[in-house]
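Everything below concerns the one structure shown next.
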Amino acid sequence: MIVCICNELRDRQICAQRDRGTCTVRELFASLDCEPRCATCVPDIEDLLTMKSYASSSSSPAADCR
Numbered sequence: 000m001i002v003c004i005c006n007e008l009r010d011r012q013i014c015a016q017r018d019r020g021t022c023t024v025r026e027l028f029a030s031l032d033c034e035p036r037c038a039t040c041v042p043d044i045e046d047l048l049t050m051k052s053y054a055s056s057s058s059s060p061a062a063d064c065r
C-alpha cells in the first residue's frame, strides 16, 4: 500500500527500513534519499515505524526505537 504519495513510498519499504534500525521519519526519508513534501504521510509513517515487526526479535535494531 502506498503511504507517501509524493515519494511513492510503500508500507513494505517503510517497514523494511524500520527493521534495519530506522527509528524516525527524518531517518527514513534520509535513508531513502527523499524528503517529505506535503507531510500528510508523517503520522502514518510514525505509526509504521513504531509498530513491532512480527519477524523481528527484541534484540533487533527496531527494538531500539521504543
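Numbering-wise, numbering that gives the first Met the number 0 puts 44 at position 45 of the sequence shown, and it's gapless, one number per residue.
C-beta atoms are modelled at their ideal positions from N, C-alpha and C, and glycine is treated no differently.
Bridge partner(s) assigned by DSSP for residue i
i, result
"Leu8", "Cys3"
Simplified DSSP assignment, three categories, for residue i
i, result
"Thr21", "coil"
"Leu27", "helix"
"Asp46", "helix"
"Cys14", "helix"
Nonlocal neighbours in the same chain, by C-beta distance under 7 Å from residue i, ignoring five residues either side
i, result
"Cys33", "Asn6"
Own chain residues within Cβ distance below 8 Å of residue i, not counting five before or after
i, result
"Val24", "Pro35, Val41, Ile44, Glu45 and Leu48"
Beta-carbon contacts of residue i that lie in its chain and below 6 Å, excluding the five residues immediately before and after
i, result
"Val3", "Note that residue 3 is Cys in the sequence shown here, rather than Val. The residues are Cys40."
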